[in-house]
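Asker: Quick note: the sequence shown uses the numbering used here, first residue 150, plus one each step. Mind looking over this structure? Questions follow.
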Amino acid sequence: LQTWIKAGTEMGPFTGTIISPEHVDLLKNNNLMWEVFNDDGTVRYFIDASQEDHRSWMTYIKCARNEQEQNLEVVQIGSSIFYRAVETIPPDQELLVWYGNSHNTF
Numbered sequence: 150l151q152t153w154i155k156a157g158t159e160m161g162p163f164t165g166t167i168i169s170p171e172h173v174d175l176l177k178n179n180n181l182m183w184e185v186f187n188d189d190g191t192v193r194y195f196i197d198a199s200q201e202d203h204r205s206w207m208t209y210i211k212c213a214r215n216e217q218e219q220n221l222e223v224v225q226i227g228s229s230i231f232y233r234a235v236e237t238i239p240p241d242q243e244l245l246v247w248y249g250n251s252h253n254t255f
């Protein structure tokens, strides 16, 4: 089945282990982790997908090399992280997320 993904489609939520900010090892490779923010911009907690039994398919979406290459963006809805299609995506195109300025990778 060849399915197109319409612009604006939200995918998620990103799943993993919830970790409080004081328990995050900033020296470790945390590229499978997202920050969830409070309304005031402070970090509420992290969602860590480094353990295989807590991963969903969203963990395997690669990072775009630049903003122009992206077809997904990261959005926080409530206390959850989703990916949103920024354009209509054909079935043969790889999903690529751009982290932008709203979320840090560390």
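The beta-carbon is built from N, C-alpha and C at its ideal position, and this holds for glycine as well.
Residue range of the beta strand (DSSP E) that R233 falls in?
Answerer: Note, R233: beta strand (DSSP E), 229-234.
Asker: Throw me the rounded Cβ distance for the V173 and N179 pair, which I believe falls under 8 Å.
Answerer: About 7 Å separates the two Cβ atoms, so the contact holds.
Asker: What do you reckon, are the CB atoms on V246 and Q225 nearer than 9 Å?
Answerer: No.
Asker: Would V223 and Y209 qualify as a contact pair, given that the criterion is a beta-carbon distance under 9 Å?
Answerer: In this structure, Y209 does not lie closer than 9 Å to V223 by Cβ.
Asker: Please identify the residue among G161, I238, P170 whose C-alpha is closest to the C-alpha of G195.
Answerer: According to the sequence as given, residue 195 is Phe; it is not Gly. Comparing Cα-Cα distances from F195 to each of G161, I238, P170, the minimum goes to P170.
Asker: Which partner residues of F186 appear in the DSSP bridge assignment?
Answerer: In the DSSP output, where bridge partners are listed per residue, F186 has V192.
Asker: Who does E222 pair with in a DSSP beta bridge?
Answerer: Its beta-bridge partners are R233, W247.
Asker: Can the beta-carbon of L181 be found closer than 9 Å to that of S199?
Answerer: In this structure, S199 lies closer than 9 Å to L181 by Cβ.
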